[in-house]
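Numbering (this note's numbering), first residue to last: 1064 to 1208. Using N, Cα and C, we set each Cβ at its ideal position, and we do this for glycine too. In this text the structure is predicted, and so the values were computed from the model without any measurement.
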Amino acid sequence: PGLKVCVLGEGRNSDELTKQVARQLVQAFGSRAVFVTSGLAGVQETFAKNCGSGARVWNLRRAGSKCAFEIGQTVEAFANSEEQKTVFACVGDVYIAFENGVQTDEARIAFAKGAFVVPLLGPGSSQLDGALRKPDFVSKEHWEL
């Protein structure tokens, strides 16, 4: 299905940023990308609601658990939360980690498997501290931005 963009985070501190990122990605990639969430309220819901019709949104959930929103296709196929977390961390090409992300394990796993993890954090946020390492090709000054 082309590029798989996974959305990490929950909470509502970055609603406007979340909306703009979703809209820009849909505009830039159109049908060449799908957007994957864990079906959490807040950031993931806002992101999904701003992905056009929602036809390119997939929500990966544990069997028997409900998605927090009714946008896109919801797949309820995982036996437990650990299996859901592991699969979610392996399906994406790019992971966008919004502020208030509680999914640092997924970010670590995805990064270790070679996916790109893009943190979109506010000033002073430490939600992903330790989850990401500075790549050798990025200067210390740029990394600290």
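- The region 1118–1136 makes no contact with the region 1176–1183, as fewer than three CB pairs between them are under 8 angstroms.
- Our two residues, Gly1074 and Leu1103, have alpha carbons roughly 9 angstroms apart in a direct line.
- When DSSP states are grouped into helix, strand and coil, Lys1112 belongs to the helix group.
- Unbroken beta strand (DSSP E) stretches of 3 residues or longer found wholly inside the region 1118–1160: 1120–1125 and 1136–1141, given in chain order.
- When secondary structure is reduced to three states using DSSP, Leu1080 falls in the helix class.
- Taking C-beta separations shorter than 7 angstroms and ignoring five residues to either side along the sequence, the partners of Lys1148 in its chain run Asp1168 and Glu1169, following chain order.
- The residue from Ala1152, Ser1202 and Gln1107 with its alpha-carbon nearest to that of Phe1179 is Ala1152.
- Excluding sequence positions up to five before and after Val1097, its CB lies within less than 8 angstroms of the CB of Pro1064, Gly1065, Leu1066, Lys1067, Val1068, Arg1119, Val1120 and Trp1121, all in the same chain and listed in chain order.
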